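Chemist: Just so you know, we're using this note's numbering here: the sequence shown kicks off at 47 and counts up by one. Got a structure for you, written out below as structure tokens; questions coming shortly.
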Amino acid sequence: MPRFSANTIWSRKCFRIPLLVISLSCTPSHGFGSDDVVASGKAMVPSCGGIFDLCGYSDRQSGKELIPKSFERAMPFSEGLAAVRISGLFGYVDRTGKVVIDPQFDLAGPFHDGFAEILVGEHTGVVAENGKVVLEPQFGRSTPIMGDVLIVRKGQFRPKRPPEREELEPFDLLYLDYGPMGLYSLSKGWLTAYTYEFKPFERGRPNYVWARDLSAGQSRFGLMNNEGQWKVEPAFDAVQSLNDGRAVVSVKVDDAGTRRQLWGAVDPDGKLEIPLAYDWLSYWDQGYSVVRLNGEEGFLDTDGNLLGGRFFQKVGRDLHGKPLKVQLDGKWFGITADGRLIDVPEEKPFPLRIGQSPVPSKNTQCESGVSIVSKDGAWGLQGPDGRMLVEPGFEAISCFSRGVAWVPDTARNAWCPIGPDGKARNKPDCLPTYYEFELPHYYPEKLDPDPFRSSVLWMQAYLKHGVDPSYPPPKLIGDGIQGTGTMSVSCREMMGCD
Numbered sequence: 047m048p049r050f051s052a053n054t055i056w057s058r059k060c061f062r063i064p065l066l067v068i069s070l071s072c073t074p075s076h077g078f079g080s081d082d083v084v085a086s087g088k089a090m091v092p093s094c095g096g097i098f099d100l101c102g103y104s105d106r107q108s109g110k111e112l113i114p115k116s117f118e119r120a121m122p123f124s125e126g127l128a129a130v131r132i133s134g135l136f137g138y139v140d141r142t143g144k145v146v147i148d149p150q151f152d153l154a155g156p157f158h159d160g161f162a163e164i165l166v167g168e169h170t171g172v173v174a175e176n177g178k179v180v181l182e183p184q185f186g187r188s189t190p191i192m193g194d195v196l197i198v199r200k201g202q203f204r205p206k207r208p209p210e211r212e213e214l215e216p217f218d219l220l221y222l223d224y225g226p227m228g229l230y231s232l233s234k235g236w237l238t239a240y241t242y243e244f245k246p247f248e249r250g251r252p253n254y255v256w257a258r259d260l261s262a263g264q265s266r267f268g269l270m271n272n273e274g275q276w277k278v279e280p281a282f283d284a285v286q287s288l289n290d291g292r293a294v295v296s297v298k299v300d301d302a303g304t305r306r307q308l309w310g311a312v313d314p315d316g317k318l319e320i321p322l323a324y325d326w327l328s329y330w331d332q333g334y335s336v337v338r339l340n341g342e343e344g345f346l347d348t349d350g351n352l353l354g355g356r357f358f359q360k361v362g363r364d365l366h367g368k369p370l371k372v373q374l375d376g377k378w379f380g381i382t383a384d385g386r387l388i389d390v391p392e393e394k395p396f397p398l399r400i401g402q403s404p405v406p407s408k409n410t411q412c413e414s415g416v417s418i419v420s421k422d423g424a425w426g427l428q429g430p431d432g433r434m435l436v437e438p439g440f441e442a443i444s445c446f447s448r449g450v451a452w453v454p455d456t457a458r459n460a461w462c463p464i465g466p467d468g469k470a471r472n473k474p475d476c477l478p479t480y481y482e483f484e485l486p487h488y489y490p491e492k493l494d495p496d497p498f499r500s501s502v503l504w505m506q507a508y509l510k511h512g513v514d515p516s517y518p519p520p521k522l523i524g525d526g527i528q529g530t531g532t533m534s535v536s537c538r539e540m541m542g543c544d
């Protein structure tokens with residue numbers, strides 16, 4: 047979905063405004079595996095666009111198209127396969143773009159050691175790289191982590207995002223899910239009781255995971271292997287994953303009647319290499335952690351040595367994470383790799399390219415020149431060449447996003463998808479409401495007691511304002527906490543459109 051940050055009011059990185067012409071995009075949360083390359087050795091990344099906002103794959107460096115834009119959604123490659131959505135269902139393609147696992151899932155995750163999590167309805171299961179479903183959908187989460195071992199949460203899948211951005215995160219991000227879980231082997235069944243919390247220890251293909259038994263009297267984290275056995279007995283109250291060969295850990299202690307935390311770090315074998323002696327430790331980056339002790343800060347290397355051999359009042363990294371400056375006696379100095387103090391160096395901007403600048407347009411303008419048009423009170427879509435893509439015949443309509451547009455279906459009392467041919471689709475599932483504009487801490491004004499009808503009236507006002515600026519635009523209402531007052535959803539007011 048497009049992104050927008052025209053002024054300081056916007057605080058969320060990724061939200062939906064497909065009617066405004068914006069070229070920035072939100073990407074899936076999981077990263078790229080080491081095999082996410084084509085035969086040329088160049089990384090393939092999802093790329094979306096065109097009048098129907100379909101997706102394919104391009105070279106990460108040059109942007110050259112490698113697999114044509116023909117999928118509704120496209121996820122990053124993992125172990126030579128990538129999940130794509132075709133006609134509302136997910137399957138998998140290989141690096142040539144050939145479908146190798148037929149579309150049959152509502153969501154599909156990345157492969158890990160030959161297995162991937164899939165969602166059908168409200169439950170997840172597991173598919174093997176040969177396309178065979180090896181665990182029928184029956185759990186809330188079924189995330190592969192080590193060989194044929196999964197982290198499993200019972201119950202139903204819990205959506206965390208709008209449907210068009212929902213995904214099955216890999217284990218690195220599974221902590222976003224909550225509730226007790228257990229280790230489950232596809233070949234052996236349950237390896238642990240269903241009473242554990244798990245966190246990643248190693249990235250990629252781990253040998254161990256952090257685990258703690260929530261049913262224990264003093265629930266602490268230890269390292270568990272793929273047999274459900276302890277590699278390191280539970281001993282820590284808080285844990286992080288490995289960075290630069292060190293994983294931050296902490297314990298809670300009573301000190302003169304005061305409860306406090308002591309921080310240290312373990313190595314890849316779980317051995318405590320940085321003693322539990324500090325008030326706080328950041329994760330290691332560029333070879334150093336920021337450490338605090340008795341109100342002072344310093345840079346600690348992976349061997350436990352302080353850069354410059356001492357603490358300072360404050361320290362700061364550069365935009366790449368390297369040690370940059372330290373404060374001593376109220377004055378800032380730069381600090382070199384060997385710990386010498388120098389004049390504070392000039393910080394160079396971080397080279398981040400996120401797309402072209404937003405191009406102002408009106409509410410009814412989509413990307414790639416597609417327009418929402420009205421005829422006799424009904425709405426449709428017109429291409430940039432003037433060709434009618436969807437004949438006007440709907441109470442309201444959205445731009446195409448990931449191969450579908452959303453229209454009100456009065457018989458279902460819901461917003462349902464249509465395809466590029468303008469015909470109704472069975473997938474994705476219909477939505478109870480639909481709004482083209484979302485903003486944290488604000489909600490759409492209520493225009494009818496029925497949520498569906500209210501959303502239709504809100505969208506109609508949004509589109510009518512795009513055709514005739516004198517027509518009152520719909521409003522967003524602040525939640526009274528972080529969002530205050532009301533806000534007119536007008537392209538002119540939001541972006542300074544013509």
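Ideal Cβ positions, reconstructed from N, Cα and C, are used throughout, including at glycine. On a predicted model such as this, the values are computed, not experimentally measured, just so you know.
Could you tell me the boundaries of the beta strand (DSSP E) in which Ala-507 lies?
Modeler: Walking along the sequence shown from the start, residue 507 turns up at place 461. Element bounds for Ala-507: not the beta strand (DSSP E) but the alpha helix (DSSP H), 497–513.
Chemist: Decide if Asp-494 is buried, meaning its Cβ has at least 16 other Cβ atoms within 10 Å, or exposed.
Modeler: In the sequence shown, residue 494 corresponds to position 448, counting from 1. Flag for Asp-494 reads exposed.
Chemist: Could you check what DSSP says for Asp-259 in three-state terms: helix, strand or coil?
Modeler: Stepping through the sequence shown from its first residue, residue 259 is reached at position 213. Correct three-state label for Asp-259: strand.
Chemist: Measure how close the beta-carbons of Val-337 and Leu-327 come, nearest whole angstrom, since I'm counting them as under 8 Å.
Modeler: On the sequence shown, position 291 is the one that residue 337 refers to. On the sequence shown, position 281 is the one that residue 327 refers to. Right, their Cβ atoms sit about 5 Å apart.
Chemist: From Tyr-481 to Val-91, what does the alpha carbon distance come to, in whole angstroms?
Modeler: Counting from 1 along the sequence shown, the entry for residue 481 is found at position 435. Counting from 1 along the sequence shown, the entry for residue 91 is found at position 45. Whole-angstrom Cα-Cα distance: 29 Å.
Chemist: What is the DSSP secondary structure of Leu-365, reduced to helix, strand or coil?
Modeler: By one-based count along the sequence shown, residue 365 stands at place 319. Note: Leu-365 maps to coil in three-state DSSP.
Chemist: How long is the line joining the alpha carbons of Met-533 and Leu-522, rounded to whole angstroms?
Modeler: On the sequence shown, residue 533 is found 487 positions in, with the first residue counted as 1. On the sequence shown, residue 522 is found 476 positions in, with the first residue counted as 1. Roughly 5 Å between the two C-alpha positions.
Chemist: Three or more beta-carbon pairs under 8 Å between the region 273–290 and the region 315–331, yes or no?
Modeler: Contact holds: three or more Cβ-Cβ distances are below 8 Å.
Chemist: For Pro-209, does the three-state DSSP call read helix, strand or coil?
Modeler: As a working mapping, residue 209 is identified with position 163 in the sequence shown. Three-state DSSP puts Pro-209 in a helix.
Chemist: If you draw a straight line from the C-alpha of Val-513 to the C-alpha of Val-453, how long is it?
Modeler: Along the sequence shown, read from residue 1 onward, the residue named residue 513 stands at position 467. Along the sequence shown, read from residue 1 onward, the residue named residue 453 stands at position 407. Going by the C-alpha atoms only, they are around 18 Å apart.
Chemist: Please list, in chain order, all residues of the same chain as Ala-154 whose beta carbon is under 6 Å from its beta carbon, the five residues on each side excluded.
Modeler: Numbered from its first residue, the sequence shown carries residue 154 at position 108. Result list for Ala-154: Ala-129, Phe-136 and Ile-164, in chain order.
Chemist: If you reduce the DSSP assignment to three classes, tell me which class Phe-217 lands in.
Modeler: For the purposes of this step, residue 217 is identified with residue 171 of the sequence shown, where counting begins at 1. Correct three-state label for Phe-217: helix.
Chemist: In this structure, does DSSP put Leu-181 in helix, strand or coil?
Modeler: Position 135 of the sequence shown holds residue 181. Residue state, collapsed to three classes: strand.
Chemist: Over the uninterrupted beta strand (DSSP E) stretch that includes Leu-339, give me the two end residues.
Modeler: Counting from one through the sequence shown, the residue named residue 339 turns up at place 293. Unbroken beta strand (DSSP E) run through Leu-339: 334–339.
Chemist: By the DSSP assignment, the beta strand (DSSP E) with Ile-147 in it spans what residues?
Modeler: Working through the sequence shown from its first residue, we reach residue 147 at position 101. Here the beta strand (DSSP E) through Ile-147 covers 145–151.
Chemist: Using alpha carbons as the reference points, say which of Gln-332, Pro-122, Val-146 and Phe-358 lies closest to Leu-365.
Modeler: Taking the first residue of the sequence shown as 1, we reach residue 365 at position 319. That would be Gln-332, whose Cα lies nearest to the Cα of Leu-365.
Chemist: Return helix, strand or coil for Glu-437, following the three-state DSSP convention.
Modeler: The residue you call residue 437 lines up with position 391 of the sequence shown. It is a strand residue.
Chemist: Do you know offhand how far Glu-491's Cα is from Thr-410's?
Modeler: Position 445 of the sequence shown, counting from 1, holds the residue named residue 491. Position 364 of the sequence shown, counting from 1, holds the residue named residue 410. Between Glu-491 and Thr-410, the C-alpha separation is close to 20 Å.
Chemist: Using alpha carbons as the reference points, say which of Glu-484, Pro-474 and Thr-456 lies closest to Asp-496.
Modeler: Residue mapping note: residue 496 aligns to position 450 of the sequence shown, counting from 1. When only C-alpha atoms are compared, the closest one is Thr-456.
Chemist: Where does Ile-400 sit, in a helix, a strand or coil, going by DSSP?
Modeler: Looking up residue 400 in the sequence shown gives position 354. With a pLDDT of 40 at Ile-400, under the threshold of 50, the modelled position of this residue cannot be trusted; read the value that follows with caution. Ile-400: coil per DSSP, three-state reduction.
Chemist: Going by C-alpha distance, which of Gln-428, Phe-483 and Phe-498 is nearest Asp-467?
Modeler: Position 421 of the sequence shown, counted from the first residue, corresponds to residue 467. Selected option, being the one with the closest Cα: Gln-428.
Chemist: Taking just the CA atoms, how far does Gly-291 sit from Asn-618?
Modeler: Outside the shown range of the chain (47 to 544) lies residue 618, about which nothing can therefore be said.
Chemist: Report buried or exposed for Ser-536, applying the criterion of at least 16 other Cβ atoms within 10 angstroms of its Cβ.
Modeler: Your numbering for residue 536 matches position 490 in the sequence shown. Burial call: buried.
Chemist: Work out the CA separation of Leu-509 and Gln-402 for me, nearest whole Å.
Modeler: Position 356 of the sequence shown, counted from the start, is the residue given in the question as residue 402. Position 463 of the sequence shown, counted from the start, is the residue given in the question as residue 509. Any reading at Gln-402 must be qualified, since the residue scores a pLDDT of 42, below 50, and its modelled position is unreliable; no value is offered.
Chemist: By the DSSP assignment, the beta strand (DSSP E) with Gly-524 in it spans what residues?
Modeler: Taking the sequence shown and counting its residues from 1, the one referred to as residue 524 is at position 478. First-last of the beta strand (DSSP E) with Gly-524: 521–524.
Chemist: Report yes if the CB atom of Val-166 is closer than 8 Å to the CB atom of Asp-152, and no otherwise.
Modeler: Locating residue 166 in the sequence shown gives position 120, where the first residue counts as 1. Locating residue 152 in the sequence shown gives position 106, where the first residue counts as 1. Yes, the Cβ-Cβ distance between Val-166 and Asp-152 is below 8 Å.
Chemist: Between His-158 and Ile-191, how many whole angstroms is the CB-CB distance? I'm expecting something under 8 Å.
Modeler: One-based indexing of the sequence shown puts residue 158 at position 112. One-based indexing of the sequence shown puts residue 191 at position 145. The pair is a contact, with the Cβ atoms about 7 Å apart (cut-off 8 Å).
Chemist: Consult DSSP for Leu-308 and reduce its assignment to one of helix, strand or coil.
Modeler: In the sequence shown, residue 308 corresponds to position 262, counting from 1. In the structure shown, Leu-308 sits in a strand (DSSP, three-state: E or B).
Chemist: Going by C-alpha to C-alpha distance, which of Pro-478, Pro-486 and Leu-112 sits closest to Arg-499?
Modeler: The count along the sequence shown starts at 1 and reaches residue 499 at position 453. Answer by Cα proximity: Pro-478.
Chemist: Indicate the three-state DSSP secondary structure (helix, strand or coil) for Ser-414 in the structure shown.
Modeler: As a first step, residue 414 must be located in the sequence shown, where it is residue number 368. Helix.
Chemist: For Leu-353, which of helix, strand or coil comes out of DSSP?
Modeler: Here residue 353 refers to the residue found at position 307 when the sequence shown is read from its first residue. Leu-353: helix per DSSP, three-state reduction.
Chemist: Kindly indicate which residue of Ala-262, Gly-263 and Arg-258 has the alpha-carbon position closest to the one of Val-278.
Modeler: Taking the sequence shown and counting its residues from 1, the one referred to as residue 278 is at position 232. Considering only alpha carbons, the answer is Arg-258.
Chemist: Please state the DSSP three-state secondary structure of Tyr-324.
Modeler: Position 278 of the sequence shown holds residue 324. In this structure, Tyr-324 counts as strand in the three-state DSSP scheme.
Chemist: Count the other C-beta atoms from every protein chain shown that fall within 10 angstroms of the C-beta of Pro-518, then say buried if there are 16 or more, exposed otherwise.
Modeler: As a working mapping, residue 518 is identified with position 472 in the sequence shown. Pro-518 should be labelled exposed.
Chemist: Quick check: Leu-232 and Thr-238, are their CB atoms within less than 8 Å of each other?
Modeler: Indexing the sequence shown from 1 puts residue 232 at position 186. Indexing the sequence shown from 1 puts residue 238 at position 192. Result no, Cβ atoms of Leu-232 and Thr-238 do not sit closer than 8 Å.
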